[in-house]
Amino acid sequence: MLHYLKHAPTGIVLENEYGNAYTNTSLYALFSGKPVLLGWPLHLLTWRGDVPDVWALNTQIQAFYAGTLPDSLDWLLANQVRYVVWSGAENGKDPQVFDRLQQQIGSRYLWKPFYAAGDYRVGLWLRLP
Numbered sequence: 001m002l003h004y005l006k007h008a009p010t011g012i013v014l015e016n017e018y019g020n021a022y023t024n025t026s027l028y029a030l031f032s033g034k035p036v037l038l039g040w041p042l043h044l045l046t047w048r049g050d051v052p053d054v055w056a057l058n059t060q061i062q063a064f065y066a067g068t069l070p071d072s073l074d075w076l077l078a079n080q081v082r083y084v085v086w087s088g089a090e091n092g093k094d095p096q097v098f099d100r101l102q103q104q105i106g107s108r109y110l111w112k113p114f115y116a117a118g119d120y121r122v123g124l125w126l127r128l129p
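To convert, note that position 78 of the sequence shown is 78 in UniProt numbering; the numbers rise steadily by one, no gaps.
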């Protein structure tokens, strides 16, 4: 998946927020040389002071990956997200979230699997032209 992203056209990568700092958040974007929608929120707080929009975006990302963000497709498009990462860390929580997201965004984002075993999936959603 990393190799694919590294050679894919430039575009914003969405990755789940696993914590506010010192986590694997933005791992795929950083190692593929792509911009990430949001990195570590606490680092922005440290260097820029309180940025309320960052915390709102962080909450929206968490809601997206929980499958509870209203209008997920419109939100992705408004934020110009080109790649949505679904890593191993997203598996094992609510097994129906993947299917909900596929229903919500599948009209404009193509699922590209890199690994699958039953309900365990790893891959990317790619924004269609």
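Where a beta carbon is used, it is the ideal one built from N, C-alpha and C, also for glycine.
Separation of residue j from residue i, as counted between CA atoms
i, j, result
"R121", "W111", "11 Å"
"Q104", "D71", "8 Å"
"P9", "L77", "17 Å"
"A89", "Q96", "15 Å"
"D119", "Q62", "20 Å"
"G11", "A116", "25 Å"
"L2", "S32", "6 Å"
"D94", "F64", "13 Å"
Integer-rounded CB distance, given that residue j should sit under 8 Å from residue i
i, j, result
"L69", "Q60", "6 Å"
"P113", "G106", "Going by Cβ atoms, the distance from P113 to G106 rounds to 13 Å, so no, they are not a contact pair."
"Y83", "L126", "6 Å"
"V81", "L37", "6 Å"
"V85", "E17", "Not confirmed; about 12 Å, so no contact."
"L128", "R108", "5 Å"
Helix, strand or coil at residue i [DSSP, three-state]
i, result
"K93", "coil"
"L5", "helix"
The beta strand (DSSP E) enclosing residue i, as first and last residue numbers
i, result
"A117", "109–117"
"L124", "120–127"
Buried or exposed by the 16-neighbour rule on C-beta atoms within 10 Å, applied to residue i
i, result
"K34", "buried"
"L5", "buried"
Element boundaries [alpha helix (DSSP H), containing residue i]
i, result
"L69", "Run containing L69: none; DSSP gives neither H nor E here."
"L38", "Counting along the chain, L38 falls outside any alpha helix (DSSP H), and DSSP gives it neither H nor E."
"P32", "The residue asked about is misnamed: residue 32 is Ser in this sequence, not Pro. Unbroken alpha helix (DSSP H) run through S32: 27–32."
Min CB distance residue i to chain D below 7 Å
i, result
"I61", "Annotation note: the requested chain D is absent from the structure, which comprises a single protein chain."
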